[in-house]
Each structure stands twice: as C-alpha cells, then as structure tokens.
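Trainee:
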Amino acid sequence: MVGGHQPQSTGGASCTGTMMNILNIDAENRVVLNVGGIRHETYKATLKKIPATRLSRLTEALANYDPVLNEYFFDRHPGVFAQVLNYYRTGKLHYPTDVCGPLFEEELEFWGLDANQVEPCCWMTYTQHRDTQETLAVLDRLDLDTEKPSDEEMARKFGFEEAFFQGRLTWWQRFKPQLWSMFDEPYSSNAAKIIGIVSVFFICVSILSFCLKTHPNMRVPIIKNITVNTSHNTTAWVLDKTQTNAHEAFFYIECVCNAWFTFEILVRFIASPNKCEFVKASVNIIDYIATLSFYIDLILQKFASHLENADILEFFSIIRIMRLFKLTRHSSGLKILMQTFRASAKELTLLVFFLVLGIVIFASLVYYAERIQANPHNDFNSIPLGLWWALVTMTTVGYGDMAPKTYVGMFVGALCALAGVLTIALPVPVIVSNFAMYYSHTQARAKLPKKRRRVLPVEQPRGPRLPGQGPPNQQQLNQPGCGPGGGMGVGGRRRRRWPRPVRRRRRPAAQRGRSAGQHDGRAGRQPADERHQEQSSQRRGGTQSRRRRDDVEPERRGS
1 MVGGHQPQST
11 GGASCTGTMM
21 NILNIDAENR
31 VVLNVGGIRH
41 ETYKATLKKI
51 PATRLSRLTE
61 ALANYDPVLN
71 EYFFDRHPGV
81 FAQVLNYYRT
91 GKLHYPTDVC
101 GPLFEEELEF
111 WGLDANQVEP
121 CCWMTYTQHR
131 DTQETLAVLD
141 RLDLDTEKPS
151 DEEMARKFGF
161 EEAFFQGRLT
171 WWQRFKPQLW
181 SMFDEPYSSN
191 AAKIIGIVSV
201 FFICVSILSF
211 CLKTHPNMRV
221 PIIKNITVNT
231 SHNTTAWVLD
241 KTQTNAHEAF
251 FYIECVCNAW
261 FTFEILVRFI
271 ASPNKCEFVK
281 ASVNIIDYIA
291 TLSFYIDLIL
301 QKFASHLENA
311 DILEFFSIIR
321 IMRLFKLTRH
331 SSGLKILMQT
341 FRASAKELTL
351 LVFFLVLGIV
361 IFASLVYYAE
371 RIQANPHNDF
381 NSIPLGLWWA
391 LVTMTTVGYG
401 DMAPKTYVGM
411 FVGALCALAG
421 VLTIALPVPV
431 IVSNFAMYYS
441 HTQARAKLPK
451 KRRRVLPVEQ
461 PRGPRLPGQG
471 PPNQQQLNQP
481 GCGPGGGMGV
491 GGRRRRRWPR
501 PVRRRRRPAA
511 QRGRSAGQHD
521 GRAGRQPADE
531 RHQEQSSQRR
541 GGTQSRRRRD
551 DVEPERRGS
C-alpha cells in the first residue's frame, strides 16, 4: 500500500500476453503451400507425420520459399495435391477420378509418396490405366497401323537413318523399304493394295482347290494296264473303281498358287528389315510349312507312289489349310481375334478344366445309373462311350445318338446339361470383354492424330534472393524441392543454378557529377580544365603503351 492506495492487479495484462504468445506460436507452426495457384494452409506438425517426404523437409532456404508472401510455391497439379495433403491429415490416400493414372503416379513420385498406399476402395479405379497401357503395348506389337509410314520412320526401321539425313542413300536403300511395304503392309500404297488382293486371291484359290478335289465328281478313276501271260498274249484295261485321283487341273492350279507363294516369301525375306524376327514370326512359319509340304508331296508322288499305303502321304497336304492364317496380315479384325484368344488363355484353360471334370463325373454317373435298372436297349456299354455323351450334352449340342432310358439316367442327363450351361456361360463374357476392349482401343488409335505438338521441357526462372537470405547450403540442395519450381530439370537432372547478380548500368559522367554535386550542395558540372587534364593523361598513357609495344616487336624479330 502506497499513500493509502492498494496497487491494481496485473492479471489482465499477463493473460493478454499469454494469449499473444499462443497466437505467435500458432502462427509460427503454420505453413502456407501454394500449389498451382491454390493456397493450402496447414501445420508443420501435420507435414511431419510422414517422414522422408518432400513436405516433411521444408525449410525457408529452399528456392520454393517466397519470403514476401511467406509461402512455398510448387508448380504442380493442385487437384492431386489436395488428396496428398489429406493423406498427411488423415493417413488415407484416395485416388481422384478426374485425373489420369500416370499423372497421379508422377505427382506421388514428386511428393515422395508410395503409390501402393492407395486405399482399397480406389485401387481398382487407380489400376485401370495399367491395363490400358498393357493393351496399347499389345496393339503396338500387332502393328495395326494402316497408314503409310513416313520416310524417316522407314529409314529408322531399316537401320540407315544416318545415311537418310545425310542424303547418301543407295538405290537399294531407297528401293528396299518400298519393296517391303508393298509385300508386307497392304494399306501403305495402291501397289501394296493390288499385291494384297492378289495374295488373298491365291490363298482362296488354293484352299478352294484343296477342298474341291476331294469331291467324287471332281475325281477320275485310276486305270491300270495289266498284261496277262497266256498262250494268247492280250492287253486288257481294268477299271478300279475303288481308287480315284484328283483331276489333273487341280495339280496345275496348285503349281501356280505355290509358285506365287514361293515368290512372295522369298521377296519378303530379302526385303525384311530384320531377318531373325522374320524367320521367327508365327505367320511366316506357317507359310514355310505349307509351301514346303507342296514340294515334299511332289517328291513323294514321284518316288514313293508305287509303295503300299502311299495314300497316307496325302494327309500331310492338310497343312496347306493353315494358309488361312495368312489372312491376318490383311485384316486387323482377325489380328484382334487372335490376340483376344491369347489374352483369354487363362479363362479358356479354366473352361477346359471344368469341362473335363464335368465330363468324367457325369460319364461315370450315367454309366452306373443305366445299369441300376434292367434295360435291354442300354447305349452306355462303357464309361468311354459315356464321355462322348457327356461332352455332347455339356456343350448343349445333343446329337441324340446316345440317350439315357431310365429315370435315374434322365436325372443325371438333366444335371449334366445344367452344369454345361453354367460352365460355358461363365468365361464367355470375359472373352467378349477382351475382344471389345481391343477393338475399341483399335478404333480410338485409328482416329488419333499422328502429328502431335511437342512440349519442350523449359526450366522455370528463379527469382532473386533477399540480401540477408544467402544461398542454400549443399545439404539443402540435396533435399527435394530445391529445383526451380520444386521440379526437375531437363532430362531428369536437378539443375542448381544461382541467379546472376544484378548489374547496375554505369551512368554518364555528367549525371554522376550532377548527382555528386547535388549531394555536396555544389554545382553538378565538372570544371572544364579538370576534364581536359583527365583526357590528356589518358591519351598520354595510351601513347606510351603503344610505344612500349613498338619497341618490343623489333627485339622479338631480331632474336
């Protein structure tokens, strides 16, 4: 108590100071992130939840930090970053449906996050782009492009790109790509279309000839000349109606067709850009075998036709039917169909497995079911015969040559038919879906423009640092986000370039003198006699330096 007055309480002031300290601490813990023009505000403690990431190592010495606005700027996708920041807050990473999968992966890689942390609810949607990329890679291998490739692409394909750019191509290097395109790419030019039509024509004629020569009306009987040694030697013609040969016209048709096939395969082999890949191609292997089978058949007919059971050798001519697979080179739909079966190999294998399992089970059941009751007309004398019945029933063909006669056998037959319908119906939608997927991607690629604008990787400029901030140390350079804009340089390398110091332009002497005079409170003009003395001293210095150079030159020439 002073002067009879009690001092006032300071509790209100201390409470205000405490609140100010709390607000200051809270402001210091906050961090502002400007990503793609959208500002996000969070706490530093939130960014520390996931260590060893780009956001967990933010410092004010990074090039992304703007001391004026007190924020970090990243020129990245703002929509993806919203999910990234929520991952720091909630610990759950969700996939935004409005971005493409590769972009999402690239953004996660930039922020130092693992793509495998995506939640299960979004995983199927997120991984769809991987299936699409695999499908596009398969279509690239199928070579479904029906447009004519450019000269640069052909030169790169045949391995003489350097000679093409230098203009030193030989006549064979110019003609070889054209020859290959005419025989292997039916849609590359009008000549290629004509050759493709001729090739398809000979394939159809060869298959048609192979089928028609088996018709009885297209065959001629074999007439043998038999000489009988008797007292009266005579010659008789015996008609053997059990043996016939194909008409002679089919032989000439086969010769013409195989001559074309031989010529075609030789030209394609000579003009192929890669001989090893050409030999190992499945369609070409079929062509080799079918063509060789014709010449082997000619040799056997010439030298082995007199042997017993020589007709069995005609069985090898069935290989020529495989030429139908050559039509896949002329039809993208057939290529897609073949690739659909190849991609659905797992489903087809599963289908065959369940069919075999059901066939064995129901064949055994129907065999014993028909033997329970006395049945004089039992068609199931053994289980192997029951296998045939079960196969026909499960595939819903139903020839009717074999049928159960007892009630128990009929019940087994009903179960067999239902099991067959369910077994076959399950994998069919998967196969249809694969075909629709390949076909839709093929149609989309056909409409895709070939020439697209290229985006050059330009490095973002870096603003000048404040005088008291200084350059970041080496440890900070190694941290993510030190590059310009928090990104990568050209070619994936981080470019660490410091801004050049700002050079001030030297002002004219009159302005310098005027400013100095104004500063000193005197006139801004320099006296004329002082300027004259400076100019004369500069001229004398230049004259003396030239004289010294002239004196040194004779000494060098004399030495």
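Residue numbering for the sequence shown follows the UniProt record's numbering, beginning at 1 and increasing consecutively. Glycine included, every Cβ here is placed at the ideal spot set by N, Cα and C. Computed from a predicted structure; not experimentally measured.
So who's on the other strand from P221, going by DSSP bridges?
Mentor: As a position in the sequence shown, residue 221 is number 221, starting the count at 1. T244, per the DSSP bridge assignment.
Trainee: Pairs of beta-carbons, one from the segment 163–173 and one from the segment 185–198, closer than 8 Å: are there three or more?
Mentor: With a cut-off of 8 Å, the segment 185–198 and the segment 163–173 do not count as touching, because too few Cβ pairs lie within range.
Trainee: Within the chosen definition, does the segment 322–333 reach the segment 398–406 through at least 3 CB pairs nearer than 8 Å?
Mentor: Result no; under three Cβ-Cβ pairs closer than 8 Å.
Trainee: Residues in its own chain within less than 7 Å of E347 by CB, not counting five upstream and five downstream?
Mentor: Counted from its first residue, the sequence shown places residue 347 at position 347. The residues are P427, V430, I431.
Trainee: Note down, in chain order, each residue of its chain lying with its Cβ closer than 8 Å to the Cβ of V205, except the 5 sequence neighbours on either side.
Mentor: On the sequence shown, position 205 is the one that residue 205 refers to. I253, C257.
Trainee: Let me know the secondary structure DSSP gives E555 once reduced to three states.
Mentor: One-based indexing of the sequence shown puts residue 555 at position 555. Bear in mind that a pLDDT of 44 at E555, under 50, signals an unreliable position, so the number given afterwards is only what the model happens to contain. The answer is helix: DSSP assigns E555 an H, G or I state.
Trainee: Rounded to a whole number of angstroms, what is the C-alpha to C-alpha distance between V84 and Y438?
Mentor: The residue you call residue 84 lines up with position 84 of the sequence shown. The residue you call residue 438 lines up with position 438 of the sequence shown. If you take the alpha carbons of V84 and Y438, they lie about 34 Å apart.
Trainee: Check for me: the beta strand (DSSP E) holding E41 runs from which residue to which?
Mentor: To locate residue 41, count along the sequence shown from 1; it is residue 41. Run containing E41: 38–43, per the beta strand (DSSP E) assignment.
Trainee: What are the start and end residues of the beta strand (DSSP E) that includes Y95?
Mentor: Within the sequence shown, the letter at position 95 stands for residue 95. Per DSSP, Y95 belongs to no beta strand (DSSP E) and is neither H nor E.
Trainee: Leaving out five residues on either side along the sequence, give the residues of the same chain with a beta carbon under 7 Å from the beta carbon of I321.
Mentor: Within the sequence shown, numbered from 1, the residue matching residue 321 stands at position 321. The residues are I207, F210.
Trainee: Over the uninterrupted beta strand (DSSP E) stretch that includes V31, give me the two end residues.
Mentor: In the sequence shown, the residue the question calls residue 31 occupies position 31. Run containing V31: 30–35, per the beta strand (DSSP E) assignment.
Trainee: Give the secondary structure of N303 by DSSP, where H, G and I count as helix, E and B as strand, and everything else as coil.
Mentor: Position 303 of the sequence shown, counted from the start, is the residue given in the question as residue 303. According to the sequence provided, residue 303 is Phe. The question's Asn does not apply to it. The answer is helix: DSSP assigns F303 an H, G or I state.
Trainee: Beta-carbon within less than 6 Å of K49's beta-carbon, same chain only, minus the 5 sequence neighbours each way: which residues are those?
Mentor: Taking the first residue of the sequence shown as 1, we reach residue 49 at position 49. Within the same chain, K49 has close Cβ partners Y88.
Trainee: So what does D66 bridge to, in DSSP terms?
Mentor: The residue given as residue 66 occupies position 66 in the sequence shown. In the DSSP output, where bridge partners are listed per residue, D66 has E71.
Trainee: Distance, Cα to Cα, E161 vs S272?
Mentor: Locating residue 161 in the sequence shown gives position 161, where the first residue counts as 1. Locating residue 272 in the sequence shown gives position 272, where the first residue counts as 1. Their Cα atoms are separated by approximately 16 Å.
Trainee: With G413 and V366 assumed to form a contact (beta carbons below 8 Å), what rounded beta-carbon distance in angstroms separates them?
Mentor: On the sequence shown, position 413 is the one that residue 413 refers to. On the sequence shown, position 366 is the one that residue 366 refers to. Indeed, because the Cβ distance is near 7 Å, the residues count as touching under 8 Å.
Trainee: Name the residue from I286, C255, I222, G409 whose alpha carbon lies nearest to the alpha carbon of I265.
Mentor: To locate residue 265, count along the sequence shown from 1; it is residue 265. The option with the nearest alpha carbon to I265 is I286.
Trainee: In terms of DSSP beta bridges, what is V118 paired with?
Mentor: Position 118 of the sequence shown, counted from the first residue, corresponds to residue 118. Paired residue(s): L93.
Trainee: Nearest to F250 by CA position, among T340, E119, V220, is which residue?
Mentor: Locating residue 250 in the sequence shown gives position 250, counting from the first residue. F250 has its Cα closest to that of V220, out of T340, E119, V220.
Trainee: From the DSSP output, in three-state form, read off F261 for me.
Mentor: Taking the first residue of the sequence shown as 1, we reach residue 261 at position 261. The answer is helix: DSSP assigns F261 an H, G or I state.
Trainee: Once DSSP output is grouped into helix, strand and coil, what is the label at N284?
Mentor: One-based indexing of the sequence shown puts residue 284 at position 284. Looking at N284 - three-state DSSP - the assignment turns out to be helix.
Trainee: Taking only runs of the alpha helix (DSSP H) that begin and end inside the segment 125–165, which ones reach a length of at least 4 residues, in chain order?
Mentor: Here the runs fully enclosed are 128–142, 151–158.
Trainee: Between F164, Q117, Q166, F435, which has its C-alpha nearest R342's C-alpha?
Mentor: The count along the sequence shown starts at 1 and reaches residue 342 at position 342. The residue with the shortest Cα to Cα distance from R342 is F435.
Trainee: Kindly indicate which three-state DSSP category M182 falls into: helix, strand or coil?
Mentor: As a working mapping, residue 182 is identified with position 182 in the sequence shown. Three-state DSSP puts M182 in a helix.
Trainee: What separation, rounded to the nearest whole angstrom, lies between the Cα atoms of F294 and T262?
Mentor: Walking along the sequence shown from the start, residue 294 turns up at place 294. Walking along the sequence shown from the start, residue 262 turns up at place 262. When rounded, the distance between both Cα atoms is 11 Å.
Trainee: Looking at C-beta atoms only, is the number of pairs between the segment 114–126 and the segment 51–62 that lie closer than 8 Å three or more?
Mentor: Counting Cβ pairs under 8 Å, fewer than three are found: no touch.
Trainee: Between which two residues does the alpha helix (DSSP H) containing L357 stretch?
Mentor: Looking up residue 357 in the sequence shown gives position 357. First-last of the alpha helix (DSSP H) with L357: 345–372.
Trainee: In the DSSP assignment, find the alpha helix (DSSP H) that holds residue 561 and state where it starts and stops.
Mentor: An answer regarding residue 561 cannot be provided, because it is not within the stretch 1 to 559 covered by the chain.
Trainee: Once DSSP output is grouped into helix, strand and coil, what is the label at I50?
Mentor: For the purposes of this step, residue 50 is taken as residue 50 along the sequence shown, with counting starting at 1. Here I50 sits in coil by DSSP.
Trainee: Hey, how far is the Cα of E134 from the Cα of S433?
Mentor: On the sequence shown, position 134 is the one that residue 134 refers to. On the sequence shown, position 433 is the one that residue 433 refers to. Taking the straight line joining both Cα atoms gives about 15 Å.
Trainee: Classify D379 as helix, strand or coil using the three-state DSSP reduction.
Mentor: Here residue 379 refers to the residue found at position 379 when the sequence shown is read from its first residue. Residue state, collapsed to three classes: coil.
Trainee: Which residues bound the alpha helix (DSSP H) around F411?
Mentor: If you number the sequence shown from 1, residue 411 lands on position 411. Taken as a continuous stretch (DSSP letters only), the alpha helix (DSSP H) holding F411 covers 407–425.
Trainee: According to DSSP, is P273 helix, strand or coil?
Mentor: Within the sequence shown, the letter at position 273 stands for residue 273. Note: P273 maps to coil in three-state DSSP.
Trainee: Taking just the CA atoms, how far does I222 sit from N245?
Mentor: Position 245 of the sequence shown, counting from 1, holds the residue named residue 245. Position 222 of the sequence shown, counting from 1, holds the residue named residue 222. Going from the Cα of N245 to the Cα of I222 covers about 7 Å.
Trainee: Which first and last residues belong to the alpha helix (DSSP H) in which F202 is found?
Mentor: Against the sequence shown, residue 202 aligns to sequence position 202. Run containing F202: 190–212, per the alpha helix (DSSP H) assignment.
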